[in-house]
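Asker:
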Amino acid sequence: MRRPTGSFLYSVLTATALFAGSSHADEYIAVDHQRTTIYHSPQTPGYTCWVGAWGMPDGSVMVSFTQATGPVTGRPQAPEDVRKRLNWPPPGLPAYDMTGLEMRNVHLRSADSCKTWEQVSADAFTSCMNGTTGSSEVALDDGTILRGVWGNYLPYDPEVPQTGYVQRSTDGSKTWGKPEVLLDPGECLTFPKRIRVLRDGRVILIGGIVHAPANSVNMGEILNRIEPLLIVSSDKGRSWSKPIPVVPEELRASWGGEEYDIAELPNGDLLCVFRRIVPDTQTQARWQGLLKKSGDTWTPQDVGPAPFPHSGHPELLATREGPILHLATSGIHYTNDGGKTWQQLDVPGTAYYPRAIQEQDGRIHVFAHIGSDDAYGAVDQSIVMDSFSLKQR
12 MRRPTGSFLY SVLTATALFA GSSHADEYIA VDHQRTTIYH SPQTPGYTCW VGAWGMPDGS
72 VMVSFTQATG PVTGRPQAPE DVRKRLNWPP PGLPAYDMTG LEMRNVHLRS ADSCKTWEQV
132 SADAFTSCMN GTTGSSEVAL DDGTILRGVW GNYLPYDPEV PQTGYVQRST DGSKTWGKPE
192 VLLDPGECLT FPKRIRVLRD GRVILIGGIV HAPANSVNMG EILNRIEPLL IVSSDKGRSW
252 SKPIPVVPEE LRASWGGEEY DIAELPNGDL LCVFRRIVPD TQTQARWQGL LKKSGDTWTP
312 QDVGPAPFPH SGHPELLATR EGPILHLATS GIHYTNDGGK TWQQLDVPGT AYYPRAIQEQ
372 DGRIHVFAHI GSDDAYGAVD QSIVMDSFSL KQR
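For what it's worth, this note's numbering labels the leading residue of the sequence shown as 12, then goes sequentially.
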């Protein structure tokens, strides 16, 4: 994840533009690519997905993901009121209901540049949904891990706020503090997807927001009303700003999606890459936009289609060498000009929902899961790591 200037890992960030050529001096190739499996469930077929990855202040790397184990058939189903509220499982697809399974948020750690891994923790939760957190985790400069959670995806735990919240761990993910609600659930429902640390030390959280009381809308209505969320914290995520508009007002009501990524440019602007549903065609697509820095906040500028096909959650990496990578199942591309032009690297596309980091020696590691948004037991999922280095031509 994004760390303050001088940290061990560089992370995420960028957007925009058309594929085009670049000067020879700015051309890069990927070398020494390899893929390794770093984790498989204790049972087969495995169910492990929704990866997060970040660097710790001590130089170690951590990875998180959702794991489910238990019988493939013969499980109980969620109560009717829960199924109706969450619009889950999808019609005719009962295997997506995770009720009755052992669900855990697994955390791995590597202290040797991602060569070997140890399991640090695996906190349990119960849900009919196929995950509540994972990709939205980051380490603060004091070693605290901050994670975002979808509280409304925990319907069997009445003590949990039924909206987005953060938790913090001060012991490397072994234990977690109480939920800290992001915004007033009487006014809105939030879905945290990414947490970053800006160059000035502030923490930024992005995802989705519905401007309605958290318990007043079901998931079917949410999908028609959700828009991008951006909030900022100056006190390590203990309090948050009001929502900052991310796209122009005329696009918000029909935006259709909570997944996007951001890049802090040298001038403080934020470039964005979005996954959304285009209203006219009702198809998923990549879009891009710019948030212009204005004091301590930002204002949305032009937003439009990006040159990449839809391929899950956007993931971007600002590298030590200078290029910014867009990483996806459809391929890995880089830009040297803030997203005005892109070129493809000659390496395979990533596995599903990738998260990327770069070590101090320049080695890039991309973590993701084999499979996609699969029904339980349908695919033998595992967690894989793609590694490569950038070399200037």
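Cβ coordinates follow ideal geometry from the N, Cα and C atoms, glycine included.
Who does I40 pair with in a DSSP beta bridge?
Answerer: According to DSSP, I40 bridges with K402.
Asker: How long is the line joining the alpha carbons of L401 and A329, rounded to whole angstroms?
Answerer: Going by the C-alpha atoms only, they are around 12 Å apart.
Asker: Look at the alpha carbon of Q369 and the alpha carbon of Y176, and state the distance between them as a whole number of angstroms.
Answerer: Taking the straight line from one Cα to the other gives about 28 Å.
Asker: Determine the closest residue to S227 out of L97, C125, H344 and A389, with distance taken between C-alpha atoms.
Answerer: That would be L97, whose Cα lies nearest to the Cα of S227.
Asker: According to DSSP, which residues form a beta bridge with A362?
Answerer: Looking at the DSSP assignment, A362 forms no beta bridge with any residue, so it has no partner.
Asker: Quick check on the burial criterion: 16 or more other C-beta atoms within 10 angstroms. Buried or exposed for T84?
Answerer: Label assigned to T84: exposed.
Asker: Ends of the beta strand (DSSP E) at V93?
Answerer: That residue, V93, is in no beta strand (DSSP E); its alpha helix (DSSP H) goes E91 to L97.
Asker: What are the start and end residues of the alpha helix (DSSP H) that includes M230?
Answerer: Here the alpha helix (DSSP H) through M230 covers M230 to R236.
Asker: Going residue by residue through the segment 338 to 362, where are the continuous beta strand (DSSP E) segments of at least 3 residues, counting only ones entirely within it?
Answerer: Runs of the beta strand (DSSP E) inside the segment 338 to 362: 342 to 346 and 352 to 355.
Asker: For G154, collect the residues of the same chain with a Cβ closer than 6 Å to its Cβ; drop the 5 residues on either side in sequence, then sort them by chain order.
Answerer: Counting only Cβ-Cβ distances below 6 Å, and skipping sequence neighbours, we find P68.
Asker: Going by the beta-carbon positions, is the gap between S146 and L165 smaller than 8 Å?
Answerer: Their beta carbons are not under 8 Å apart, which means S146 does not touch L165 by this criterion.
Asker: Which residues does DSSP list as the beta-bridge partners of P283?
Answerer: It should be pointed out that residue 283 corresponds to Cys in this sequence rather than to Pro. The partner list for C283 (beta bridge, DSSP) reads I273 and G300.
Asker: Do the segment 304 to 313 and the segment 284 to 293 meet, that is, are 3 or more Cβ pairs less than 8 Å apart?
Answerer: Segments in contact, no.
Asker: What does the Cβ neighbour count give for L104, buried or exposed, with the cut at 16 atoms within 10 Å?
Answerer: The residue is exposed, with fewer than 16 neighbouring Cβ atoms inside 10 Å.
Asker: Contact between the segment 315 to 328 and the segment 250 to 259 is defined here as three or more beta-carbon pairs at a separation below 8 Å; is this criterion met?
Answerer: No: the two stretches stay apart, fewer than three of their Cβ pairs being nearer than 8 Å.
Asker: In the structure shown, what three-state DSSP assignment does A389 receive?
Answerer: Coil at A389, not helix or strand.
Asker: Applying the 10 Å Cβ sphere with the 16-neighbour rule, what's the burial state of A367?
Answerer: Buried, because 16 or more other Cβ atoms sit within 10 Å of the Cβ of A367.
Asker: Given that a residue counts as buried once 16 or more other Cβ atoms are within 10 Å of its Cβ, and exposed if not, what is G231?
Answerer: Exposed is the call here.
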